[in-house]
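Using our numbering, you'd call the opening residue of the sequence shown number 509 and step up by one each time. Glycine included, every Cβ here is placed at the ideal spot set by N, Cα and C. This report concerns only the one structure given below.
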Amino acid sequence: MTNETQIKRNPRVAIIGAGMTGILMAIKLQEAGIRQVTIFEKKDKIGGTWRENTYPGVACDVPAHMYTYSFEPNPEWSNRFAYGHEIFDYFQRVSDKYGITNTINYNEEVTESVYDNGCWHLQTSKGQMLTVDFVFNCTGILHKPAFPDIKGINSFKGDMFHTAQWDHSVELKGKRIGIIGTGSTATQVIPRLINTEGTEVSVFQRTPQWIIPFPQKDYSDKDKQRVRNNPMLAPLLHKFYSKGFRELFSKLVTGSKAQQAMISRLAKWNLKRSIKDKTLRQKLTPEYQVGCKRLIINNDFYPAIQKDNAHLVTESIDQITAKGIQTKDGKLHELDILVLSTGFDPFAFMRPMNLIGRDGLDINQVWQNKAVSYKSILLPGFPNFFLMLGPNTPIGNNSVISMSETQADYAMQLIEDWRHQQFDAVEPTEEAVKAFMAYIKKGMPNTVWVTGCNSWYLDADGDAASWPYSWEQWITDMKTPDYADLQQHRVKPEPAISAA
Ligand code: NAP
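What follows is the structure, encoded as structure tokens:
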């Protein structure tokens, strides 16, 4: 608990983005008694990824009681794995409860953040200028849709959209629909498309995926009542699922042979028992290890892809024409609608915002070869700038909420030290950043990501974009700031203005 009497000063803070992490930071700052907080949100609502992704079937494959803030349990979840709209409503309720919703500057994108002498100067799309002491960049990891570089893509005359930009005005019933991609998103949307009346759905698969089942469960009113009446139950469920998922999936990706063998068996069994036709099963069988690409938890994809109106196309795409997709075998797959489930740019982070640090340092220069950071949150040359969910944050099928909460606690410790005038500005040393990146690299050979597949978990050099160690290691590493790794600056006072 902050002892207000000992605090010497309070910072001005900007939060960029009002998604899960932005709301979390607003709450943490509020709890610390920091009032001068300005939140910018580029859209007209809170919610980040859960506002943007509204494709049919959108859900979270992390159990709902685990995918909640640790301090805001939610007895109202309707399903074991929550659907997108309910997750959005949860964040909206939390934001309302803490009085955040009405304080946000909506439809206002931060276009530029420039550091100078202990302060950040922000410029927004509405022409507003704001000066603050700290910036929390809460723009999320996967927010910039990736569009495939396929010849003729703009010549398609039907309706075409990315899953993260779903066009709900387009009627699906009775249409010939093509979908490119078979990742976590695609496997959620494909069954919905196939199960829509009168559709013919062609799934263009470049690489098959390992899929494991995990039964969905509807929570009845009685179930919810039980959780409501027993305040210990939701936190217990949070703990139970978090521990279970970390034991299974975080260990799977960070090198546990036992988890690898067990989940591998489960995925192979799931494929064999679900897909009756041998040729189809062959097409759906990955050649890489389970967990190399993000493990998919899904119960609906295999039943759906065997329906008569589903067509799995494994021939490579040659080009997109006005009428549909032409595959390398010369076949034209005529389509009315083309859905691009082709993922995101995982290295965009705060970009396209123009971010200029100390001595005119441009983030695009610093990250020219690689998105580097110190402990996934601080950047060299960008003092007092917190990059929430920065490079190397995600770990397996874990909840990113818990990653954000850990980072929030780390950042708040630095803010407390600033309030006590320990420093005016803080940033990691070059050596500390190099050491951290070497540490990430060192963890790679143990992970399953390097076992021979392409995925967004790897950067262009084949280094991890994710956290290659255990959850426990993450908690240990993020526990307290290590000032030996940090440069602390004192800010030169502004020169006095002469009266002459
Ligand atoms: P993704 O995992 O990156 O999958 C993209 C898909 O598009 C892959 O199948 C990829 O094939 C294919 N693709 C891309 N470019 C292509 C091209 N030019 N030609 C043919 N195929 C192409 O994207 P995502 O499914 O949107 O998932 C991204 C991440 O979002 C997940 O890893 C997860 O972290 C998160 N997510 C989470 C949930 C959840 O329930 N928690 C749900 C959805 C998404 P290749 O495999 O051959 O590259």
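{"Check": "Shorter than 7 Å, the distance from the beta carbon of Gln696 to the closest heavy atom of the ligand GDP, or not?", "Outcome": "For the structure depicted, the ligand GDP is absent and the ligand set comprises only the ligand NAP."}
{"Check": "Can Asp641 and Val821 be called in contact, C-beta distance under 8 Å?", "Outcome": "no"}
{"Check": "To which residues of the same chain is Phe664 closer than 6 Å at the C-beta, ignoring the five residues directly before and after it?", "Outcome": "Ile828, Leu846"}
{"Check": "Taking the straight line between their C-alpha atoms, what separation do you get for Gln834 and Pro656?", "Outcome": "15 Å"}
{"Check": "Does the distance from the CB of Pro854 to the CB of Trp964 come in under 8 Å?", "Outcome": "yes"}
{"Check": "I'd like the list of long-range same chain contacts for Thr914, defined as Cβ closer than 7 Å, with 5 residues on each side in sequence excluded.", "Outcome": "Trp982, Ile983, Met986"}
{"Check": "Taking the alpha helix (DSSP H) that Arg480 falls in, what are its first and last residues?", "Outcome": "Any question about residue 480 goes unanswered here, given that the chain covers just 509 to 1008."}
{"Check": "Starting from Met986, trace the alpha helix (DSSP H) both ways and give me its first and last residue.", "Outcome": "Per DSSP, Met986 belongs to no alpha helix (DSSP H) and is neither H nor E."}
{"Check": "Which residue comes first and which comes last in the beta strand (DSSP E) that contains Phe1049?", "Outcome": "Here the chain covers residues 509 to 1008 and nothing more, so residue 1049 does not appear."}
{"Check": "Is Trp964 a contact residue of the ligand NAP, with contact defined as CB to any heavy atom under 7 Å?", "Outcome": "yes"}
{"Check": "If you draw a straight line from the C-alpha of Ile608 to the C-alpha of Arg559, how long is it?", "Outcome": "17 Å"}
{"Check": "Please report how far the alpha carbon of Tyr614 lies from the alpha carbon of Lys634, in whole angstroms.", "Outcome": "10 Å"}
{"Check": "Span of the beta strand (DSSP E) holding Trp628?", "Outcome": "627-632"}
{"Check": "Evaluate Ala567 with the Cβ neighbour count: other Cβ atoms within 10 Å of its Cβ, from every protein chain shown; 16 or more gives buried, anything less gives exposed.", "Outcome": "buried"}
{"Check": "Suppose the cutoff is 6 Å on Cβ atoms and the five residues either side in sequence are ignored; what does the same chain contact list for Ile515 look like?", "Outcome": "Arg927"}
{"Check": "Ignoring anything shorter than 4 residues, give me the alpha helix (DSSP H) runs that lie fully in the segment 864-952, in order along the chain.", "Outcome": "871-874, 908-927, 938-951"}
{"Check": "Rounded to a whole number of angstroms, what is the C-alpha to C-alpha distance between Asp971 and Phe944?", "Outcome": "13 Å"}
{"Check": "Which stretch, first to last residue, makes up the alpha helix (DSSP H) that contains Val735?", "Outcome": "729-737"}
{"Check": "I need the DSSP call for Arg998, collapsed to helix, strand or coil.", "Outcome": "coil"}
{"Check": "Flag this pair as yes or no: are the beta carbons of Phe589 and Pro571 separated by less than 8 Å?", "Outcome": "yes"}
{"Check": "Can you find the residues in the same chain that come closer than 6 Å, C-beta to C-beta, to Thr690, ignoring five residues on each side of it along the sequence?", "Outcome": "Gln713, Gln717"}
{"Check": "Is the segment 769-786 touching the segment 665-673, taking contact as three or more C-beta pairs under 8 Å?", "Outcome": "no"}
{"Check": "Enumerate, from N- to C-terminal direction, the unbroken beta strand (DSSP E) stretches of 3 or more residues contained entirely within the segment 570-646.", "Outcome": "618-624, 627-632, 637-640, 642-645"}
{"Check": "Suppose you measure from the CA of Gly951 to the CA of Asn817; what does that come to, to the nearest Å?", "Outcome": "45 Å"}
{"Check": "Measuring CB to CB, does Ala654 end up less than 8 Å from Gly851?", "Outcome": "yes"}
{"Check": "In this structure, does DSSP put Phe722 in helix, strand or coil?", "Outcome": "coil"}
{"Check": "What is the rounded straight-line gap between the Cα of Val941 and the Cα of Lys801?", "Outcome": "27 Å"}
{"Check": "Who pairs with His819 in a beta bridge, going by DSSP?", "Outcome": "Ser710"}
{"Check": "Could you compute how far the alpha carbon of Tyr577 sits from the alpha carbon of Glu823?", "Outcome": "43 Å"}
{"Check": "May I ask you to report which of helix, strand or coil DSSP gives Pro743?", "Outcome": "helix"}
{"Check": "Output yes or no for whether 8 Å exceeds the beta carbon distance between Phe548 and Ile531.", "Outcome": "no"}
{"Check": "Can the beta-carbon of Asp932 be found less than 8 Å from the beta-carbon of Arg998?", "Outcome": "yes"}
{"Check": "Under a Cβ-count criterion, where at least 16 other Cβ atoms within 10 Å of its own Cβ denotes burial, should Arg754 be classed as buried or exposed?", "Outcome": "buried"}
{"Check": "Taking 8 Å as the cut-off, does the segment 593-611 touch the segment 747-762 (at least 3 CB pairs, one atom from each stretch)?", "Outcome": "no"}
{"Check": "The beta strand (DSSP E) with Gln827 in it runs from where to where?", "Outcome": "825-828"}
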